[in-house]
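Report on the structure given below.
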Amino acid sequence: MLDWLESIQAVSLTFAEGSFPNLNTPDDLAGLAARLSGVEAIPVAGGLTHFNSAGDAHMVDVGKKAETHRIATAQGEIRMLPDTLRIIEDGTNKKGDVLGVARIAAIMAAKKTSDLIPLCHPLPLTKVSVDFNIDRQKSTVRCIVTCETYGKTGIEMEALTAVNVGLLTIYDMCKAVDKGMVMNDIRLLEKIGGKSGHWLSESGDAAAATPLI
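Residue numbers (UniProt numbering): 1 to 213.
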């Protein structure tokens, strides 16, 4: 493989034994090629673009990408005691309207995503919708967030961040009566726009995510 790399570079190279002990995958090869050619980063199929050839994290350059309409929907749920769910529904929590506060918190989180996730680009959000689906049989509250923008990169992280903070706010509002609440099934349901086009979760939950509240 090293002989082949020498041939495509059309230069004479000398490699010390053991210089490249981890040259085992296409990503490893791409990284080596980047180092030899001086390219900042070479994305490959299935590879990560948030790292340069030296393995250092960097914010990806999206300056030349076209602005497109981008939409992302994410969900997550929090499971609690039936009595806790009843308090939420009845509006008798001493801290106030649990789902109302959680909704505002989720919207604020979407707007602050680039401040919380180091390599996320700040995006001009054009819409954030937050809905809650109560399942009395499972004693859960599901948070469903859809974010939209016209931008050069995806809006998935904003939707996911909003879901997480919305659920955390429910926990904070109710922890005095139920410290055993469990947050789970936090995931992306659907994304639209950009070079990769339309992506839908295999479960197809995005189409069935009808909010009740």
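We treat Cβ as the ideally placed atom computed from N, Cα and C, and that holds for glycine.
Values in this document were obtained by computation on a predicted structure and should not be read as measured data.
Item, Value
"Taking one C-beta from the region 106-124 and one from the region 161-176 each time, how about it: are there three or more such pairs within less than 8 Å?", "yes"
"Counting only runs of 4+ residues fully inside the region 80-165, write out the alpha helix (DSSP H) ranges in chain order.", "82-90, 98-111, 113-116"
"Would you tell me roughly how many angstroms separate the C-alpha atoms of Arg136 and Pro82, rounded to the nearest one?", "8 Å"
"With which residues is Ala66 paired in a DSSP beta bridge?", "The partner list for Ala66 (beta bridge, DSSP) is empty, contrary to what the question assumes."
"Give me whichever residues DSSP pairs with Lys191 in a beta bridge.", "Ala72, Trp199"
"Within the same chain, show all residues whose beta-carbon is closer than 7 Å to that of His198, passing over the 5 residues directly before and after it, in chain order.", "Ile192"
"Going along the chain, which residues of its own chain have a beta-carbon closer than 6 Å to the beta-carbon of Ala72, five neighbours each way excluded?", "Cys147, Ile155, Glu156, Ala159, Lys191"
"Which of helix, strand or coil does DSSP assign to Asp172?", "helix"
"Since I believe Tyr171 is in contact with residue 223 (beta carbons under 8 Å), could you give me their beta-carbon distance rounded to a whole number of angstroms?", "The structure shown does not extend to residue 223, since the chain is modelled only from 1 through 213, so no value can be given for it."
"How long is the line joining the alpha carbons of Asp131 and Gly151, rounded to whole angstroms?", "24 Å"
"Can you name the residues that DSSP bridges to Val177?", "BP columns for Val177 are empty, so no partner."
"Measuring alpha carbon to alpha carbon, tell me which of Met181, Thr161, Asp178 ends up nearest Leu116.", "Thr161"
"Closest by CA to Lys127, which one among Val141, Thr140, Val145?", "Val145"
"Would you check if the distance between the CB atom of His121 and the CB atom of Thr153 is smaller than 7 Å?", "yes"
"Taking DSSP's pairing of strands, which residues face Ile78 in a bridge?", "Val141, Met183"
"Kindly list the residues whose CB is nearer than 6 Å to the CB of Ala102, restricted to its own chain and excluding five residues on each side of it in sequence; keep chain order.", "Gly166, Thr169, Ile170"
"When you compare only the Cα positions, how much space is there between Lys138 and Ala66?", "44 Å"
"Taking C-alpha atoms, which residue in Gln75, Thr68, Ile87 lies nearest to Lys175?", "Ile87"
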